[in-house]
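In UniProt numbering, the protein residues as written are 1 to 296.
I have placed the structure first, in the form of structure tokens, so that the comments after it can refer back to it.
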Amino acid sequence: INRALDSGDKSTVWKQLSSSVIGLTNVEDENSQRYIDELFKLKAQMQSEGTEFLTWNDIQSCIDHVNIVVHEEHERILAIGLINEALDEGDARKTLQALQTPAAKLEGVTPKVAQHYQDVLLRAKREKAQETRDETAVLWLDEIQGGVHQCNKDTEEAQRFSLGILAINEAVDQGDVARTLSFLRSADVGLYGVTPECAKTYLQELTATKNAKLASGNSNSHWVKHWVKGGYHFYHNLQSQDGDWEEPQGFEQNSVQLSREEIQSAISAVTAAYNREQLWLANENLITKIQARCRG
1 INRALDSGDK STVWKQLSSS VIGLTNVEDE NSQRYIDELF KLKAQMQSEG
51 TEFLTWNDIQ SCIDHVNIVV HEEHERILAI GLINEALDEG DARKTLQALQ
101 TPAAKLEGVT PKVAQHYQDV LLRAKREKAQ ETRDETAVLW LDEIQGGVHQ
151 CNKDTEEAQR FSLGILAINE AVDQGDVART LSFLRSADVG LYGVTPECAK
201 TYLQELTATK NAKLASGNSN SHWVKHWVKG GYHFYHNLQS QDGDWEEPQG
251 FEQNSVQLSR EEIQSAISAV TAAYNREQLW LANENLITKI QARCRG
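Written out as structure tokens, the structure is:
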């Protein structure tokens, strides 16, 4: 075997490996090329370290290693099949179980994100089928792992977003101008057009909006549903301040809480009015002269 490796004679290497005379165990025909490739690598590595001769134990260890790698690859392919089948079935719990299969070796799989894994990965699978024009297209492990990481990131962002919206509502309830402005400017809630000079007016407008909701809304529920990035719904519990992608049993929306859309609408209206006023003040002299000339 060593002479064949030195001369690069692959057929002789395989002939010797599969010979019963040498007494190597667990030599599988279908793995022949893998054995040969790994032995050439091992031979080159050992020669670079000053060892010219592969022992029987070296060769047997190489065979055993290849068998383990091939077995793991086979198990991983089966795991990929299970995950894709579960996605097609649309059962988030089955998808979670498939993602947790040890053979898949996926990192960061979290049970509470199960529904989001189902939704995001199924969408990715359908998009791949459209892009490749292949209805049988499946997600591979790197795509699945990327989806898991993205879902976990989405969950963290959705949780921060929900807490940010809750903080705005609480600050409005307390009539606290400074805290309301601070929370409106938080990057977690993604509001735009917030102008510090309008802080007091923002609070007044938001308070009026909330009072109108209080007059006819349901404030008994502890749940609010937020529309978040990607077009998904995230359910946030006002009492525990925790969230979930799966709709809670018997879900009822707390309709007195200000939503991001309502908050943004109030900000936009107040800021637009403020900007018009500032534009008028900046050009007041010019406007007065124009009016005088028109009259004259």
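Ideal placement from N, C-alpha and C gives every residue a C-beta, glycine not left out.
How big is the Cα-Cα spacing for residue i and residue j?
{"i": "Glu52", "j": "Asp58", "result": "12 angstroms"}
{"i": "Leu181", "j": "Pro196", "result": "7 angstroms"}
{"i": "Arg123", "j": "Arg93", "result": "17 angstroms"}
{"i": "Gly108", "j": "Gln115", "result": "15 angstroms"}
{"i": "Gln249", "j": "Gln118", "result": "19 angstroms"}
{"i": "Glu135", "j": "Trp245", "result": "27 angstroms"}
{"i": "Ser265", "j": "Arg133", "result": "42 angstroms"}
{"i": "Ile68", "j": "Met46", "result": "22 angstroms"}
{"i": "Val70", "j": "Glu28", "result": "11 angstroms"}
{"i": "Asp9", "j": "Gly146", "result": "42 angstroms"}
{"i": "Ala189", "j": "Glu261", "result": "According to the sequence provided, residue 189 is Val. The question's Ala does not apply to it. Each residue's Cα considered, the two are about 11 angstroms apart."}
{"i": "Val21", "j": "Glu72", "result": "29 angstroms"}
{"i": "Glu143", "j": "Leu106", "result": "11 angstroms"}
{"i": "Gln130", "j": "Ala215", "result": "48 angstroms"}
{"i": "Gly231", "j": "Phe161", "result": "14 angstroms"}
{"i": "Gln278", "j": "Ala272", "result": "10 angstroms"}
{"i": "Ser221", "j": "Asn211", "result": "17 angstroms"}
{"i": "Tyr192", "j": "Thr155", "result": "22 angstroms"}
{"i": "Ser7", "j": "Gln16", "result": "14 angstroms"}
{"i": "Trp280", "j": "Val177", "result": "26 angstroms"}
{"i": "Thr55", "j": "Ile1", "result": "10 angstroms"}
{"i": "Cys294", "j": "Arg276", "result": "23 angstroms"}
Under DSSP, the alpha helix (DSSP H) around residue i begins and ends at which residues?
{"i": "Val70", "result": "56–89"}
{"i": "Asn211", "result": "199–216"}
{"i": "His222", "result": "Run containing His222: none; DSSP gives neither H nor E here."}
{"i": "Thr110", "result": "Neither: Thr110 is in no alpha helix (DSSP H) and is coded neither H nor E."}
{"i": "Glu135", "result": "Per DSSP, Glu135 belongs to no alpha helix (DSSP H) and is neither H nor E."}
{"i": "Leu181", "result": "177–184"}
{"i": "Lys43", "result": "32–48"}
{"i": "Asn152", "result": "141–174"}
{"i": "Lys94", "result": "92–99"}
{"i": "Thr12", "result": "10–17"}
Hey, residue i and residue j: beta-carbon distance below 8 angstroms or not?
{"i": "Val120", "j": "Gln150", "result": "yes"}
{"i": "Ala171", "j": "Arg179", "result": "yes"}
{"i": "Val148", "j": "Leu99", "result": "yes"}
{"i": "Gly90", "j": "Gln159", "result": "no"}
{"i": "Ile43", "j": "Leu5", "result": "Just to set this straight, residue 43 is Lys in the shown sequence, not Ile. Going by C-beta atoms, Lys43 is nearer than 8 angstroms to Leu5."}
{"i": "Lys225", "j": "Glu157", "result": "no"}
{"i": "Ile80", "j": "Leu141", "result": "yes"}
{"i": "Leu206", "j": "Ile263", "result": "yes"}
{"i": "Gly217", "j": "Ser255", "result": "yes"}
{"i": "Leu258", "j": "Ile168", "result": "yes"}
{"i": "Gln241", "j": "Leu163", "result": "yes"}
{"i": "Lys125", "j": "Asn84", "result": "yes"}
{"i": "Glu30", "j": "Val66", "result": "no"}
Looking only at its chain, what residues have a beta carbon closer than 8 angstroms to the beta carbon of residue i, apart from the 5 residues adjacent to it on each side?
{"i": "Trp14", "result": "Ser32, Tyr35, Ile36"}
{"i": "Tyr274", "result": "Thr195, Glu197, Cys198, Thr201"}
{"i": "Trp223", "result": "Tyr235, His236, Asn237, Leu238, Pro248, Phe251, Glu252, Gln253, Asn254"}
{"i": "Gln60", "result": "Leu24, Thr25"}
{"i": "Gly175", "result": "Leu203, Thr207"}
If I follow the unbroken beta strand (DSSP E) through residue i, where does it start and stop?
{"i": "Asn2", "result": "Per DSSP, Asn2 belongs to no beta strand (DSSP E); it is in the alpha helix (DSSP H), 2–7."}
Can you name the residues that DSSP bridges to residue i?
{"i": "Gln253", "result": "Trp223"}
{"i": "Tyr235", "result": "Lys225, Asp244"}
Just to confirm, does residue i get its C-beta within under 7 angstroms of one of the non-hydrogen atoms of the ligand SAM?
{"i": "Phe40", "result": "The ligand SAM is not part of the structure shown, which contains no ligands of any sort."}
Ordered along the chain, which non-local residues of its own chain (more than five positions away) have a Cβ less than 7 angstroms from that of residue i?
{"i": "Glu247", "result": "Tyr235"}
{"i": "Trp227", "result": "His233"}
{"i": "Asn152", "result": "Gly108, Thr110, Val113"}
{"i": "Asp173", "result": "none"}
{"i": "Thr101", "result": "Ala79, Leu82"}
{"i": "Lys213", "result": "Ser255, Val256"}
{"i": "Ser219", "result": "Asn254, Val256"}
{"i": "Thr209", "result": "Leu258, Glu262, Ala266"}
Ordered along the chain, which non-local residues of its own chain (more than five positions away) have a Cβ less than 6 angstroms from that of residue i?
{"i": "Ala103", "result": "Glu75, Arg76, Ala79"}
{"i": "Ser18", "result": "Val27"}
{"i": "Thr12", "result": "Ala4"}
{"i": "Val270", "result": "Cys198, Thr201, Tyr202, Glu205"}
{"i": "Gly50", "result": "none"}
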